[in-house]
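Residue numbers (the working numbering), protein chains in the order written: chain P, 1 to 302; chain W, 1001 to 1227. The beta-carbon is built from N, C-alpha and C at its ideal position, and this holds for glycine as well.
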Ligand code: SF4
Ligand code: SF4
């Protein structure tokens, strides 16, 4: 993915949620839909605070299948010691991309009474990986033997309030040392255009690759749920109306159409370096979406 | 002030199960102000326990005492002559007071009747909100006087996270987002620059038991404890 972005190609990344169990086949099955259709695949880390197969282990399964993983790491479940040792191990085993996240609060998950760690926050995690990579040092300043040359990513939510602050928070991640950003799923295009304009004006897009987040809607129900129940999500009424405008059976198709139109616009949008497609539990639709969005074939770079 | 809430009666009954004579000690300071462990609450709990045990045909005698501050040796000394006749002590003070009581009378089982919940402000009668986790290195100077350690559900130093929802925290629409408030307050003061800067990983001060000796008092500590 690093090469794709640095060579100036429009990147296309996917996402895969590991199973709630030790089922490696499940990971391989989902990976098969993504192979050849994306540059790399985010592997979530106990997403929504539900216990799942560890991100690094699922990343390895992907490498075995010939895909490139983006190792997601949240600050909720590990302290700085565990994080650093996992980063070293992941790199030693061939993982090259890391995505630094705060993580959803434990309250949302299957162990709501667990103690959230948050020893460091996502911003500090970015800086820590950068320090390990560029200075060959642990957070403590101690020397490490062979630096993990990770390509460092983070998430950004352009829509959570205060909206005026969001681009400054992006700037903060850039100064902490992030190489690429994947945004929260975008539905409010107008707001995103504003956000990108600010990012361009502040010169941020020259320092960081921004991948626009896309999640196709499967139904009106999903759109309403995202609008009302998911914190920090901005779903304009037009999207819901458009989905309501077609028969129930055709809503999923319409959702994909909307996503494809978005991707077309992102290709032209100044400062957007690629798209991050989050089709969780819809991996089998990725080949179709990639085809329709005309992002195939993916560049092969050695 | 330090606030606490009373333990459920079932849990307290379970703790005193094997005893017939227990002294319940209240505290006249924080827990009294927050209506959980003062003289009045000691009497109420005692009456409840005695009643419950009487119904079970297994009476218990609950003694009552209340000291000005259970976290202060001087006041605990008032109990010295009293505890001998009891099998166990119960305390309605905060966790600090309960431990100091146990330390003073190491031969007696000491049972907590309250759960200490934190350092809080009084918002209204009987309504308390936590404000400080005594982290040991206060950041209020650059966070607009709003504590992210306590009031942000993730204790972030570089917030807000992506979960802010119309000014609420992602955990609950009723819970204001601390970082949203920090932003608003600093914006109002024209001091947003303070949070544009990256704040590096925190050096946690609360990972070992802490002892505090104010400057000028080192010597008193060295000469040992006085009773
Ligand atoms: S930063 Fe918060 S927890 Fe720490 S001392 Fe200040 S108010 Fe208390
Ligand atoms: S929504 Fe606000 S208060 Fe809640 S975890 Fe995120 S930054 Fe902290």
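Range of the contiguous beta strand (DSSP E) that encloses residue i
i, result
"residue 1025/W", "1021-1027"
"residue 1170/W", "From DSSP, residue 1170/W is part of no beta strand (DSSP E); its letter is neither H nor E."
"residue 1063/W", "1061-1067"
"residue 955/W", "In the structure displayed, chain W extends from 1001 to 1227; residue 955/W sits before or after that span and is not available."
"residue 1131/W", "1127-1132"
"residue 40/P", "40-43"
"residue 210/P", "209-214"
"residue 37/P", "Residue 37/P -> no beta strand (DSSP E), and no H or E assigned at all."
"residue 73/P", "69-74"
"residue 11/P", "11-16"
"residue 98/P", "97-101"
Bounding residues of the alpha helix (DSSP H) (the contiguous stretch that carries residue i)
i, result
"residue 278/P", "Unbroken run through residue 278/P: none, as it is neither H nor E."
"residue 287/P", "286-292"
"residue 1076/W", "1073-1076"
"residue 33/P", "24-34"
"residue 185/P", "Per DSSP, residue 185/P belongs to no alpha helix (DSSP H); it is in the beta strand (DSSP E), 180-185."
"residue 151/P", "First-last for residue 151/P: 151-156, but that is the beta strand (DSSP E), not the alpha helix (DSSP H)."
"residue 1055/W", "1039-1055"
"residue 166/P", "163-176"
"residue 1197/W", "It is not in any alpha helix (DSSP H) - residue 1197/W carries neither H nor E in the DSSP assignment."
"residue 91/P", "80-92"
"residue 1016/W", "1009-1016"
"residue 57/P", "55-64"
"residue 129/P", "122-130"
"residue 300/P", "It is not in any alpha helix (DSSP H) - residue 300/P carries neither H nor E in the DSSP assignment."
Check: residue i C-beta below 7 angstroms from any heavy atom of ligand 3
i, result
"residue 1133/W", "Ligand 3 is not part of the structure shown, which contains ligand 1 and ligand 2 as its ligands."
Per-residue burial, residue i [other beta carbons within 10 Å of its own, 16 or more giving buried]
i, result
"residue 131/P", "buried"
"residue 185/P", "buried"
"residue 204/P", "buried"
"residue 58/P", "buried"
"residue 95/P", "buried"
"residue 1227/W", "For residue 1227/W, the predicted model reports a pLDDT of 47, less than 50, meaning its position is unreliable and no value from the coordinates is stated."
"residue 1213/W", "exposed"
"residue 1208/W", "exposed"
"residue 1217/W", "exposed"
"residue 64/P", "exposed"
"residue 198/P", "buried"
"residue 297/P", "exposed"
"residue 1116/W", "buried"
"residue 231/P", "buried"
"residue 1206/W", "exposed"
"residue 1009/W", "exposed"
"residue 14/P", "buried"
"residue 105/P", "buried"
"residue 276/P", "buried"
"residue 1140/W", "exposed"
"residue 77/P", "buried"
Check your understanding: Using 8 angstroms as the threshold, is the region 1143-1159 of chain W in touch with the region 113-128 of chain P, meaning 3 or more CB pairs across them?
Key -> yes
Check your understanding: Is the region 1191-1202 of chain W close to the region 1118-1127 of chain W, with three or more CB pairs under 8 angstroms?
Key -> no
Check your understanding: Pairing CB atoms from the region 1085-1104 of chain W with CB atoms from the region 1050-1057 of chain W, are three or more of them under 8 angstroms?
Key -> no
Practice item. With 8 angstroms as the C-beta to C-beta threshold (strictly closer), list the residues of the region 119-140 of chain P near chain W in chain order. Key: 119, 120, 121, 122, 123, 124, 127, 128 and 139
**Study point:** Where the region 151-162 of chain P meets chain W: residues whose CB sits under 8 angstroms from a CB there
**Key:** 155, 156, 157, 160, 161 and 162
Practice item. Scan the region 229-260 of chain P for residues whose Cβ lies nearer than 8 angstroms to a Cβ of chain W and list them as they occur along the chain. Key: 231 and 232
Point to revise | chain W contacts made by the region 172-184 of chain P, where a contact means CB separation under 8 angstroms | key: 172, 175, 176 and 184
Review point. Using a Cβ cut-off of 9 angstroms, which residues of the region 65-79 of chain P contact any Cβ in chain W, in chain order?
Key: 75 and 76
**Study point:** Whole alpha helix (DSSP H) elements within the region 1138-1189 of chain W, 4-residue minimum
**Key:** 1148-1151 and 1178-1189
Review point. Can you find at least 3 beta carbon pairs, one from the region 1032-1049 of chain W and one from the region 1073-1083 of chain W, that sit closer than 8 angstroms?
Key: no
Check your understanding: How do the region 47-54 of chain P and the region 1-14 of chain P stand: do at least 3 beta-carbon pairs fall below 8 angstroms, yes or no?
Key -> no
Review point. Fully enclosed by the region 1071-1119 of chain W, which alpha helix (DSSP H) runs are 4 residues long or longer?
Key: 1073-1076 and 1095-1104
Practice item. Name, going along the chain, the residues of the region 1131-1158 of chain W whose beta-carbon falls closer than 7 angstroms to a beta-carbon of chain P. Key: 1153, 1154, 1155, 1156, 1157 and 1158
Point to revise | Members of the region 1183-1210 of chain W that neighbour chain P once the beta carbon cut-off is set at 7 angstroms | key: 1183, 1196, 1198, 1200 and 1201
Point to revise | Touching by the beta-carbon criterion (3+ pairs, under 8 angstroms), the region 176-195 of chain P and the region 150-160 of chain P | key: yes
Review point. Within the chosen definition, does the region 188-202 of chain P reach the region 221-239 of chain P through at least 3 CB pairs nearer than 8 angstroms?
Key: yes
Practice item. Please determine if the region 171-179 of chain P and the region 215-227 of chain P are in contact, where contact requires at least 3 C-beta pairs separated by less than 8 angstroms. Key: no
Exercise for review: For the region 69-78 of chain P and the region 95-107 of chain P, state whether three or more C-beta atom pairs, one from each stretch, are separated by less than 8 angstroms.
Suggested key: yes
**Study point:** Three CB pairs or more closer than 8 angstroms across the region 167-176 of chain P and the region 246-265 of chain P
**Key:** no
Review point. In the region 1050-1061 of chain W, which residues sit with their C-beta less than 7 angstroms from some C-beta in chain P, listed in chain order?
Key: none
Practice item. Could you name the residues of the region 1164-1182 of chain W whose beta carbon sits closer than 7 angstroms to any beta carbon of chain P, in the order they occur along the chain? Key: 1164, 1165, 1166, 1167, 1170, 1171 and 1180
**Study point:** Contact between the region 286-296 of chain P and the region 249-261 of chain P (3+ Cβ pairs under 8 angstroms)
**Key:** yes
Exercise for review: Could you tell me whether the region 1059-1070 of chain W touches the region 1025-1033 of chain W, using the rule of 3 or more Cβ pairs below 8 angstroms?
Suggested key: yes
Exercise for review: With a floor of 4 residues, list each alpha helix (DSSP H) that falls wholly inside the region 186-261 of chain P, ordered by position along the chain.
Suggested key: 189-201, 220-229 and 237-244
Check your understanding: Do three or more CB pairs link the region 1142-1153 of chain W to the region 1163-1177 of chain W at distances below 8 angstroms?
Key -> yes
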